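Numbering (the working numbering), first residue to last: 2 to 346. Working notes, structure below.
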Amino acid sequence: MDKIIRVLMAGAVRHAFDYAPIIASHPRMKLVGIAEESNADSWKIDLARELANKYDISYFSIEDALSRKDIDLVVITTEPTRHTSLAIQAIKAKKNIIVDKPVATSIADAEELAKVIQMSNLVTSYFHRLFEPTVERAKELIQSGQLGLPLTLDLMWISSNSLADEGGDIVIGRQLSGGGEIRNFLGYPLDIVLWLTDLKPVRIYANSNSITSNDHTASGVENLATIVLELESGVRANITVGRGPNVGNGIFTTSIVGSHGFLSVNENRPTLEIETTVKDSKSSINFKQDNFEKLFNQLLNDFISALDGKTPVRRTLLDGCRIAGLIDLACTSASTNQPATVNFR
C-alpha cells in the first residue's frame with residue numbers, strides 16, 4: 002500500500018484556502034494541521050486558526066509543528082516576504098517542502114535559501130504552471146526540432162482579477178509582498194521561458210508603471226511592466242506582465258519564433274498553433290481547459306512521484322530561487338532604468 006503523506010500547511014495568509022481542499026481530498030495525502038509563527042500578527046494567527054477549524058484539524062505554532070516526527074511535507078502559504086525564512090526553518094527541520102510563489106523577495110534571500118537546499122537531500126518544489134497542457138505540448142514541439150533553434154519569445158501575462166480578489170495589500174503592500182505585480186506575476190512567464198528553451202539568462206531589463214491603478218500608485222508599486230530577458234546564444238524573451246482593467250478573462254499567451262517555424266500558445270482558449278518551413282505545414286491544436294484544481298493536483302502528483310523515488314520533480318526549489326533572483330533583478334532594473342546582468346546560475 003502506498004504511504005499516506007502527512008501534510009502541514011505553514012501560514013494561511015494568501016493561497017492556503019485554495020490549496021487546502023485539494024490537499025485534503027488527495028488520495029495520497031492527509032492534511033493534519035495548520036501552523037503559524039507564535040509571534041505573528043494576530044490577524045495571521047486568526048486566519049490559520051480559521052482554516053484549521055474549517056477542516057477540524059489541529060492548529061500548531063510553526064516552532065512546535067516543525068519538531069514533530071509525523072509531518073512528511075510542509076506547504077508554505079504565508080505572505081511572500083516570509084517564504085524564505087520559513088522554508089529555511091523547514092529544511093533545517095528535515096521536512097520536504099512546497100513553497101508558494103515567489104519563493105524569495107530578494108536575491109540575498111534566494112541565495113541564502115539555495116545554500117540551505119544544496120546541503121539537504123530533501124524533495125522540494127514550488128507553485129508553477131508548467132503542467133498547463135499547451136505549455137507541455139509546446140515543450141514537446143521544441144524538443145522535436147520542428148521549430149529549429151528558438152530565436153525570440155514573446156509572452157504576455159495580464160490578469161483581469163480585481164486587486165481585492167487577489168488579496169489587496171498582500172499583493173501590493175511591500176512589507177507583505179515585497180513589491181507589486183512584477184513580484185506577483187513575473188515568475189510564471191520566466192519559468193515558461195527557461196523551461197522551454199533550456200538556456201541560461203544573461204541580462205534583464207524592465208520598465209514599469211502604475212498609471213492605470215490608483216491603488217498601486219498609492220502604494221508606490223507597479224501594476225504593469227515590460228521585461229526583456231536576454232539568454233544565451235542571442236535568444237531574447239519579451240515579457241509583459243501585470244493587472245489590467247477590461248481585459249475579459251485576462252491575456253496569457255506565448256509566441257516563439259524559431260529558425261524553422263513559429264509557435265503560438267493561448268492558455269485562455271486554450272489553443273496551440275504552429276507553422277513550420279521544413280514541411281511547409283500549418284496546424285492548430287485545441288485543448289480542454291484545465292482548471293486550477295487539476296493543475297495543482299498535477300504538481301502534487303509530481304511531488305509524490307519524487308517522494309516515492311520514481312521521478313524527479315519538474316521544478317525544484319533551486320529553480321524557484323533562480324526565478325526569484327531574476328524577478329529581483331527585474332525590480333532593480335525597473336527602479337534604476339538600467340539593464341541588470343545575471344551573475345548567478
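All C-beta atoms, glycine included, are put in the ideal place defined by N, C-alpha and C. Quantities reported herein were computed from a predicted structural model and do not represent experimental measurements.
Given 8 Å, three or more beta-carbon pairs between the region 267-280 and the region 183-199: no
6 Å Cβ shell around Met30 - same chain, five flanking residues per side excluded: Residue mapping note: residue 30 aligns to position 29 of the sequence shown, counting from 1. Closer than 6 Å at Cβ, skipping near neighbours: Ile6, Val8 and Ile24.
Rounded separation between Ala207 and Ala88 - CA only: Position 206 of the sequence shown, counted from the start, is the residue given in the question as residue 207. Position 87 of the sequence shown, counted from the start, is the residue given in the question as residue 88. Roughly 28 Å between the two C-alpha positions.
Three-pair Cβ contact test at 8 Å for the region 109-116 versus the region 305-323: yes
Opening and closing residue of the alpha helix (DSSP H) in which Asp19 lies: In the sequence shown, residue 19 corresponds to position 18, counting from 1. It spans Ala17 to Ser26 - the alpha helix (DSSP H) in which Asp19 sits, taken as one unbroken run.
With 16 other Cβ atoms within 10 Å as the buried cut-off, status of Met157: On the sequence shown, residue 157 is found 156 positions in, with the first residue counted as 1. It is buried - the Cβ of Met157 has at least 16 other Cβ atoms within 10 Å.
For Leu74 and Ser307, the rounded distance between their alpha carbons: Taking the first residue of the sequence shown as 1, we reach residue 307 at position 306. Taking the first residue of the sequence shown as 1, we reach residue 74 at position 73. Strictly speaking, residue 307 in this sequence is Ala, with Ser absent from that position. In a straight line, the C-alpha of Ala307 is about 12 Å away from that of Leu74.
Spatial distance of Ser265 from Lys70 (CA atoms): Translated into the one-based positions of the sequence shown, residue 265 becomes position 264. Translated into the one-based positions of the sequence shown, residue 70 becomes position 69. Their Cα atoms are separated by approximately 48 Å.
Sequence ranges, alpha helix (DSSP H) only - wholly within the region 127-151, length at least 4: 134-145
CA-to-CA distance, Ser282 to His16, given in whole angstroms: Translated into the one-based positions of the sequence shown, residue 16 becomes position 15. Translated into the one-based positions of the sequence shown, residue 282 becomes position 281. Roughly 43 Å between the two C-alpha positions.
Rounded straight-line distance, which links the Cα of Lys140 to that of Thr317: Residue numbering aside, residue 317 sits at position 316 when the sequence shown is read from its first letter. Residue numbering aside, residue 140 sits at position 139 when the sequence shown is read from its first letter. The C-alpha of Lys140 is placed about 18 Å away from the C-alpha of Thr317.
Asn208, enclosing beta strand (DSSP E) - first and last residue: Position 207 of the sequence shown, counting from 1, holds the residue named residue 208. Segment Pro202 to Asn210, the beta strand (DSSP E) holding Asn208.
Same chain, Cβ closer than 6 Å to Thr227, five either side skipped, listed in chain order: Numbered from its first residue, the sequence shown carries residue 227 at position 226. The answer, listed in chain order, is Asn208 and Thr241.
For Glu137, the nearest candidate out of Glu268, Leu327 and Ile328 (CA to CA): For the purposes of this step, residue 137 is identified with residue 136 of the sequence shown, where counting begins at 1. Closest option to Glu137, Cα to Cα, is Glu268.
Delimiting residues of the beta strand (DSSP E) encompassing Thr227: Position 226 of the sequence shown, counted from the first residue, corresponds to residue 227. Per DSSP, Thr227 belongs to the beta strand (DSSP E) from Leu225 to Leu232.
Whether Tyr127 touches Thr78 by CB criterion (9 Å): For the purposes of this step, residue 127 is identified with residue 126 of the sequence shown, where counting begins at 1. For the purposes of this step, residue 78 is identified with residue 77 of the sequence shown, where counting begins at 1. No; because the gap between Cβ atoms is not below 9 Å, this pair is not in contact.
Beta-carbon proximity list for Ser163, same chain, < 7 Å, skipping 5 on both sides: Translated into the one-based positions of the sequence shown, residue 163 becomes position 162. Closer than 7 Å at the Cβ level, and outside the excluded window around Ser163, lies no residue.
Limits of the unbroken beta strand (DSSP E) element including Asn239: In the sequence shown, counting from the first residue as 1, residue 239 sits at position 238. Residues Arg237 to Arg244.
DSSP bridge partner residues for Phe1 (one or two, in chain order): No statement about residue 1 is possible, as the shown extent of the chain runs from 2 to 346 and does not include it.
Under 9 Å between C-beta atoms of Met10 and Val104: Counted from its first residue, the sequence shown places residue 10 at position 9. Counted from its first residue, the sequence shown places residue 104 at position 103. For Met10 and Val104, no; Cβs fall outside 9 Å.
Backbone secondary structure at Ile46 - three-state DSSP: Counting from one through the sequence shown, the residue named residue 46 turns up at place 45. Ile46 falls in the helix class under three-state DSSP.
Where Glu37 sits in the DSSP three-state scheme: Within the sequence shown, the letter at position 36 stands for residue 37. Three-state result, Glu37: strand.
Opposing strand residues paired with Phe186 [DSSP bridges]: Walking along the sequence shown from the start, residue 186 turns up at place 185. Partner(s): none; Phe186 has no beta bridge.
Enclosing alpha helix (DSSP H) for Asn338 [first to last residue]: Working through the sequence shown from its first residue, we reach residue 338 at position 337. That residue, Asn338, is in no alpha helix (DSSP H); it is neither H nor E in DSSP.
9 Å Cβ cutoff met for Val236 and Pro151: The residue labelled residue 236 in the question sits at position 235 within the sequence shown. The residue labelled residue 151 in the question sits at position 150 within the sequence shown. Yes.
Where the alpha helix (DSSP H) through Lys295 begins and ends: On the sequence shown, position 294 is the one that residue 295 refers to. Run containing Lys295: Phe293 to Leu308, per the alpha helix (DSSP H) assignment.
Buried versus exposed, by CB contacts within 10 Å (16 or more), Asp110: Position 109 of the sequence shown holds residue 110. The residue in question, Asp110, is buried, as its Cβ has 16 or more Cβ neighbours within 10 Å.
Exposure label - Pro28; buried when at least 16 CB within 10 Å: Along the sequence shown, one-based indexing puts residue 28 at 27. Exposed, by the Cβ-count rule.
9 Å Cβ cutoff met for Leu131 and Asn97: Position 130 of the sequence shown holds residue 131. Position 96 of the sequence shown holds residue 97. No. Outside cutoff.
Identity of the residue in Gly34, Thr125, Ser59 and Ser62 nearest Leu301 by Cα: As a first step, residue 301 is located in the sequence shown; it is residue number 300 there, counting from the start. Measuring from the Cα of Leu301, the nearest candidate turns out to be Thr125.
Contact under 9 Å by Cβ, Ala335 with Glu223: If you number the sequence shown from 1, residue 335 lands on position 334. If you number the sequence shown from 1, residue 223 lands on position 222. Cβ distance < 9 Å, so Ala335 and Glu223 count as in contact.
9 Å Cβ cutoff met for Asp170 and Leu177: Residue numbering aside, residue 170 sits at position 169 when the sequence shown is read from its first letter. Residue numbering aside, residue 177 sits at position 176 when the sequence shown is read from its first letter. For the 9 Å CB-CB criterion, Asp170 and Leu177 form a contact.
Between the CA atoms of Gly243 and Phe186 - distance to the nearest angstrom: By 1-based counting over the sequence shown, the position of residue 186 is 185. By 1-based counting over the sequence shown, the position of residue 243 is 242. If you take the alpha carbons of Phe186 and Gly243, they lie about 7 Å apart.
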